[in-house]
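Enquirer: Going by numbering that gives the first Met the number 0, the first residue of the sequence shown is number 0, and it counts up by one from there.
Ideal placement from N, C-alpha and C gives every residue a C-beta, glycine not left out.
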Amino acid sequence: MPRLQKSVSITDRSSVGEARRAANAVALSMGFNEQKRSDLSIVVTELGNNVLMHASTGQILICPVEAGGTCLDIFAVDSGPGIRDVGMAFEDGVSTGGTAGQGLGAIKRLSDTLSLYSSPGRGTVVFCRFRLAASSGNIPAGVISIPIHSEVECGDSYLAIPGSHRSFYMVADGLGHGPSASEAARAAVKSVQGRVQENLTEIMNAAHNALKATRGAAMSIAVIDHSRSLVTYAGVGNVSAALGNGTVTRNMVSRNGTLGAMLPRVHEYTYPFEPGMVLLMYSDGLNSKCNLSGYPGIMSRPPGLIAGLLYRDFSRQRDDATVLVASLNGEGL
0 MPRLQKSVSI TDRSSVGEAR RAANAVALSM GFNEQKRSDL SIVVTELGNN
50 VLMHASTGQI LICPVEAGGT CLDIFAVDSG PGIRDVGMAF EDGVSTGGTA
100 GQGLGAIKRL SDTLSLYSSP GRGTVVFCRF RLAASSGNIP AGVISIPIHS
150 EVECGDSYLA IPGSHRSFYM VADGLGHGPS ASEAARAAVK SVQGRVQENL
200 TEIMNAAHNA LKATRGAAMS IAVIDHSRSL VTYAGVGNVS AALGNGTVTR
250 NMVSRNGTLG AMLPRVHEYT YPFEPGMVLL MYSDGLNSKC NLSGYPGIMS
300 RPPGLIAGLL YRDFSRQRDD ATVLVASLNG EGL
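What follows is the structure in structure tokens.
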């Protein structure tokens, strides 16, 4: 079952310490060793301080992800003035804020993966990934699943099982938010975990029966056939999915209904995809206009960074918000 993800609003120095402590606690619970936790603490502190210095406010997202391996993704998200010369910003000794200029250089050295996207006037998203030693090096997906600010538990959940020939991705959204919504979303994941080789109609029917004792959920599933360049998709309710390449976004069809309450006849749709496209899946905590246009060069970035951008720019901030981005060619970081 996916671990809880967290968001910490960065507004002052004390919130940077709060983010550092929260990230360290999550890393400890995941089994990261002392050295890795020390590196993580430095990275979170530098990211938080950068947000304060250059954007005044923002968020640190602490996102454990299980997707063919286990990793801890850290995001620094802001809507500040942006970075005009990203390449120069990574050079030690270069600073626009009156500091020693060691921040981004240290973050790059201590993270297993680092990617940054910044637009003048629109802000910056920094994506850092820390892997457990036993994890696969190739994790071709990024997931952000953050509860509404008034709740601890998230009413959304996901399942990500990537493979070289076949990959399976699912996002579930329990009705409402809070503990009861979380219970429904977790029940959906549990019902699907042992059935990923079945056809989508069978999976949806089994999930519907399993959720009858809960308040119900929306759910979408995408199965990627990498060798045939095909996606098989089925969705019930308002979890959206699309295929995108930065220019064109092709939305996939979901049926109205609620698993556990009213299941319509399940339809399985097949969509071809082209090299370089990604899969997007997101709950209604993100705006329905969510897409990849307006981000020059974004398709060369890892799925995790893309997820961070979409969360920043399309999150409604009044519901649990989940966005899953997966490479369709199976490559990842």
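Is DSSP giving residue 203 helix, strand or coil here?
Expert: It is helical.
Enquirer: For residue 49, which option in 210, 193, 10 has the closest C-alpha, if you only look at C-alpha atoms?
Expert: If we check each option's Cα against that of residue 49, 10 comes out closest.
Enquirer: Can the beta-carbon of residue 160 be found closer than 8 Å to that of residue 67?
Expert: Result yes, Cβ atoms of residue 160 and residue 67 sit closer than 8 Å.
Enquirer: With distance defined between alpha-carbon atoms, name the residue in 69, 175, 124 nearest to residue 79.
Expert: Among 69, 175, 124, the Cα nearest to that of residue 79 is on 124.
Enquirer: Do you know offhand how far residue 275's Cα is from residue 206's?
Expert: Cα to Cα, residue 275 sits roughly 32 Å from residue 206.
Enquirer: Do you know whose CA, among 141, 188, 316, lies nearest residue 150's CA?
Expert: It is 316 whose Cα lies nearest to the Cα of residue 150.
Enquirer: Would residue 4 pass as a contact of residue 153 if the rule is Cβ separation under 8 Å?
Expert: Cβ distance < 8 Å, so residue 4 and residue 153 count as in contact.
Enquirer: Considering Cα atoms alone, identify which of 104, 44, 231, 212 is closest to residue 73.
Expert: Of the listed residues, the one whose Cα sits closest to residue 73 is 44.
Enquirer: Would you mind working out which of 261, 202, 51, 148 sits nearest residue 16, comparing C-alpha positions?
Expert: Ranking the options by Cα distance to residue 16, first place goes to 51.
Enquirer: Does the separation of the CB atoms of residue 188 and residue 226 fall below 8 Å?
Expert: For residue 188 and residue 226, no; Cβs fall outside 8 Å.
Enquirer: Just the C-alpha distance for residue 217 and residue 311, rounded to the nearest angstrom, thanks.
Expert: Distance between the alpha carbons of residue 217 and residue 311: 23 Å.
Enquirer: When you compare only the Cα positions, how much space is there between residue 297 and residue 247?
Expert: Looking at the two C-alpha atoms, the distance is approximately 13 Å.
Enquirer: With 16 other CB atoms within 10 Å as the buried threshold, where does residue 53 fall?
Expert: Buried.
Enquirer: Anyone know if the C-beta pair for residue 70 and residue 2 falls short of 8 Å?
Expert: Taking 8 Å as the Cβ cut-off, residue 70 and residue 2 do not qualify as a contacting pair.
Enquirer: When you compare the stretch 255-265 with the stretch 193-213, are there three or more beta-carbon pairs, one atom per stretch, that lie closer than 8 Å?
Expert: Short answer: they touch.
Enquirer: Tell me which residues share the same chain as residue 142 and place their Cβ nearer than 6 Å to its Cβ, disregarding the 5 neighbours each side in the sequence.
Expert: Hits under 6 Å: 64, 157, 323.
Enquirer: State buried or exposed for residue 331, treating a residue as buried only when at least 16 other CB atoms are found within 10 Å of its CB.
Expert: Note that residue 331 scores 45 on pLDDT, short of 50, meaning its location in the model is unreliable; the coordinates nonetheless yield the value given after this. It is buried - the Cβ of residue 331 has at least 16 other Cβ atoms within 10 Å.
Enquirer: Given this structure, state the Cα-to-Cα distance separating residue 321 from residue 169, to the nearest angstrom.
Expert: One C-alpha to the other measures close to 11 Å.
Enquirer: Based on the DSSP output, what are the partners of residue 308 in its beta bridges?
Expert: Answer is none; residue 308 lacks a bridge partner.
Enquirer: I'd like the span of the alpha helix (DSSP H) that includes residue 44, first residue to last.
Expert: Run containing residue 44: 33-54, per the alpha helix (DSSP H) assignment.
Enquirer: Report the option in 242, 255, 313 whose CA atom is closest to the CA atom of residue 279.
Expert: With distances taken between Cα atoms, residue 279 lies closest to 242.
Enquirer: Would you kindly check if the distance between the Cβ of residue 106 and the Cβ of residue 42 is under 8 Å?
Expert: Result yes, Cβ atoms of residue 42 and residue 106 sit closer than 8 Å.
Enquirer: Apart from the five residues just before and just after residue 30, which ones in its own chain have a Cβ nearer than 8 Å to its Cβ?
Expert: Excluding residues within five positions, the ones whose Cβ falls inside 8 Å are 131.
Enquirer: Using three-state DSSP, classify residue 3 as helix, strand or coil.
Expert: Three-state DSSP puts residue 3 in coil, outside helix and strand.
Enquirer: Report the rounded CA-to-CA distance for residue 284 versus residue 37, giving the unit in angstroms.
Expert: Approximately 33 Å between the Cα atoms of the pair.
Enquirer: Among the residues of its own chain, which have a CB less than 7 Å from the CB of residue 20, if the five just before and after it don't count?
Expert: For residue 20, where only same-chain residues beyond five positions count, there are no Cβ hits under 7 Å.
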